[in-house]
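I have placed the structure first, in the form of structure tokens, so that the comments after it can refer back to it.
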Amino acid sequence: MFDLQRVWLVAKREWFVRLKQRSFQITTLVQLIIFLAAASIPVISSAFGDDGGGNEDTVTVLVLDETGDSLVDPLAAGLSAEVPDQPRIVIESTSESREDVQQRIDDDDADAGLAIARNDAGALEFALFNESGDVDILTQRISGAVTYLNLEDQLAQLGIEGATYDQAVAAPSIVLNASALGIDEESDAEGNAKFVIAYVFAFLSYMVVILYGNWVAQGVVEEKSSRIMEIMINAATPRDLLLGKVLGIGMAAMTQLLPTIVLGGIVLSLQRQIADRLDLGGSAIIDIDYGALSLQSGGWFLIYFIFGFVLFAALYAGIGSLVSRQEEVNQAIAPMTTISIGGFFGAIFTLSAPDSMLARVLSIVPFTSPTTMVPRIILGNPQPWELALSLVLLIATAVLALMVAARIYRVGVLMYGQKPKLRSVFSSGSAEVSR
């Protein structure tokens, strides 16, 4: 059916022509840089985020203890806990007057102040100082710690130990069995990471179909318009030319994609090690298995890309062979572009509802599965039979597309300045008539 030697010669020519193009080289380099930068987002966000590398932002609170009961240490213990997205509080004990405390705050030598005293009844009284006089997050945190300190002091005066009180008001232990509800437990950080990866691969699937499909169609029309096809057709059959062109441009596409995906996946899987080497410990990196995410998503993407590319490239080549001028290419491939856009919108829907009925159908239909199944695999829970059916239908449709495209190509590449009719395209003797 195919002469593999001639197919390989055509494919090798297509491959080398693309590799030598300056635009191809620049695009590959830019694409690689973008993917490496995207894969480094967790480390970058950890380094520049509020909680990246340990929270280095601190605020100073001056504490003036006028009670003589050494209440600074218990207060500092209550404020020492780190709060996400909030600066660390440093307590500085002082014996200055309240006026001096306020002056130091006005001079930006401190961020807030607290004076602790007792009234005539022996109860604690507190005075807060800041520059604006408004209630902000810092004063709210100090107020919370002060409330607990006051409670402990009152319990002590009543002869109730703090441990006894804590035991009495301790919250009950409640365990939510998420699996019984059909809900997978995962952190928000991991869910966000999966969503971003799923979106990137959905968008990449859409872009490669548009980009490399246009390569195929433009290449066919370029050869027809330059009459190179007349020379090539004498060395190989139209069927061999079609398969060789699809294979060659597919190899060029893999030359761009494989280094990008492999290196991007390696960088993504080494987020924890990179953060440790740079002395970063951001919460965006903790408890996320980036290695498993990148291996799973990258592997499935390549599988669906290969068969999806064969399907669309064959149809692009067949359609491209029916026109003779570059100006007519965009109009001719408009239906294929519409199908590709529909697949991308299906992938966008799948990102929000990966296990819905529409997402399940779109991930099985061959023309949309290359863009929708990978997001489902990453975010949803497709059944094994769904994966098997999706791949079988995609492969079968790709083979059928090659057969149909070869028939169209056989007629189209030999027609210059003519508009082929469907009857002539699918006529068994059309090739001989065209010759």
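Under this note's numbering, residue 775 is the last one in the sequence shown; the count climbs by one each step, no gaps. We treat Cβ as the ideally placed atom computed from N, Cα and C, and that holds for glycine.
Cα-Cα separation, Ile366 to Thr712:
29 Å
How about the stretch 671-680 and the stretch 541-550: do they share at least three Cβ pairs that are nearer than 8 Å?
yes
Determine the extent of the alpha helix (DSSP H) in which Glu492 is found, giving its start and end residues.
Ile477 to Gln497
Buried or exposed for Leu402, please, with buried defined as at least 16 other CB atoms from any protein chain shown within 10 angstroms of its CB.
buried
Per the DSSP calculation, Glu432 is bridged to which residue(s)?
Leu402
For the alpha helix (DSSP H) that contains Leu454, what are its first and last residues?
Note, Leu454: premise wrong, no alpha helix (DSSP H); beta strand (DSSP E) at Ala452 to Arg458.
Leu598 in three-state terms, based on DSSP
helix
What does DSSP give as the partner residues of Leu464 in its beta bridges?
The partner list for Leu464 (beta bridge, DSSP) reads Arg458.
Give a yes or no on whether the C-beta atoms belonging to Ser730 and Ser709 are separated by under 8 Å.
yes
By the three-class DSSP mapping on this structure, what secondary structure does Phe652 have?
helix
Are Ser604 and Phe356 closer than 8 Å when you measure CB to CB?
The question names Ser, yet the displayed sequence has Gly at residue 604. No. Outside cutoff.
Residue nearest to Ser433 in terms of C-alpha spacing, selected from Asp448, Pro414, Ile589 and Leu478
Pro414
Asp390 versus Leu598: straight-line alpha-carbon distance, rounded
Per-residue confidence for Asp390 stands at a pLDDT of 45, beneath the threshold of 50, marking its modelled position as unreliable; no derived number is given.
Minimum C-alpha distance to Ala745 - residue among Val561, Ala728, Glu492 and Ala657
Ala657
What's the C-alpha gap between Glu471 and Ala455?
Distance between the alpha carbons of Glu471 and Ala455: 15 Å.
Which listed residue (Val586, Thr407, Asp460 and Gln426) has its alpha carbon closest to that of Gln558
Shortest Cα-Cα distance from Gln558 to any of Val586, Thr407, Asp460 and Gln426 involves Val586.
Around the C-beta of Glu563, are 16 or more other C-beta atoms found within 10 angstroms, so that it is buried, or is it exposed?
The residue in question, Glu563, is buried, as its Cβ has 16 or more Cβ neighbours within 10 Å.
Cβ distance (whole Å) where Tyr546 is taken to contact Phe707 below 8 Å
For a cut-off of 8 Å, the C-beta gap from Tyr546 to Phe707 is around 12 Å, too long to register as a contact.
Report the three-state DSSP secondary structure of Phe469 (helix, strand or coil).
strand
Can you find the residues in the same chain that come closer than 7 Å, C-beta to C-beta, to Ala457, ignoring five residues on each side of it along the sequence?
Counting only Cβ-Cβ distances below 7 Å, and skipping sequence neighbours, we find Glu406, Thr407 and Glu465.
For Trp555, is the classification buried or exposed, using 16 other Cβ atoms within 10 angstroms of its Cβ as the cut-off for buried?
buried
Residue environment, Val475, which counts as buried when at least 16 other CB atoms sit within 10 Å
exposed
From which residue to which residue does the alpha helix (DSSP H) around Val370 run?
Arg362 to Ala379
Backbone CA spacing between Ile381 and Trp640 [nearest angstrom]:
Rounded to the nearest whole angstrom, the C-alpha separation of Ile381 and Trp640 is 22 Å.
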